Amino acid sequence: MRRAMADSLTLELADFEHDVHTGIYSEETGRPQPLRFTVQVRFRCPPERFVPETPLSASKNYMDLKFACSDALGDTHYQLIEAVADHVCETLFLQDERVEAVTVKIVKLALSEADEKIGITLHRDRR
329 MRRAMADSLT
339 LELADFEHDV
349 HTGIYSEETG
359 RPQPLRFTVQ
369 VRFRCPPERF
379 VPETPLSASK
389 NYMDLKFACS
399 DALGDTHYQL
409 IEAVADHVCE
419 TLFLQDERVE
429 AVTVKIVKLA
439 LSEADEKIGI
449 TLHRDRR
């Protein structure tokens, strides 16, 4: 007897760098600053298994993750990187109803003085 399994798939974009208008201090505003994004998207799998002929429509295009961390942010100034992460999450949820959860890690590269990683991680489950 074969047991039913509930699979989920995690897609990931790691260490993607993009300049974003963010910050609250005068030295941060007026010009974009580099952020490093790592995004994980938990995705509901189709009921059938992934086989060599499985079409892309059964999963999610990885470029959608990149888009959410770049073009989708536009030229808006985000005071907090928490707001940047929030926008990335909402963009990914709106793109595909099969997205169950999103985790966004953002590192502010301009703050690093000794190669430390200063930033935030936001995790959101679909509501």
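FYI, in the working numbering the residues of the sequence shown are 329 to 455.
Where is the CB? At the ideal position from N, CA and C, for every residue including glycine.
These figures come from a predicted structure and were not determined experimentally.
Helix, strand or coil at residue i according to DSSP, with G and I counted as helix
{"i": "residue 408", "result": "coil"}
{"i": "residue 300", "result": "For residue 300 there is no data in the structure shown, the boundaries of the chain being 329 and 455."}
{"i": "residue 453", "result": "strand"}
Nearest-angstrom Cα separation, counted from residue j out to residue i
{"i": "residue 350", "j": "residue 380", "result": "43 Å"}
{"i": "residue 404", "j": "residue 397", "result": "13 Å"}
{"i": "residue 442", "j": "residue 435", "result": "14 Å"}
{"i": "residue 437", "j": "residue 365", "result": "10 Å"}
{"i": "residue 432", "j": "residue 450", "result": "5 Å"}
{"i": "residue 446", "j": "residue 407", "result": "16 Å"}
{"i": "residue 368", "j": "residue 354", "result": "32 Å"}
{"i": "residue 383", "j": "residue 356", "result": "44 Å"}
Residue range of the unbroken beta strand (DSSP E) whose run includes residue i
{"i": "residue 388", "result": "Careful: residue 388 lies outside any beta strand (DSSP E) and carries neither H nor E."}
{"i": "residue 379", "result": "Here residue 379 belongs to no beta strand (DSSP E), and DSSP marks it neither H nor E."}
{"i": "residue 428", "result": "427-436"}
{"i": "residue 357", "result": "Taken as a continuous stretch (DSSP letters only), residue 357 belongs to no beta strand (DSSP E), as it is neither H nor E."}
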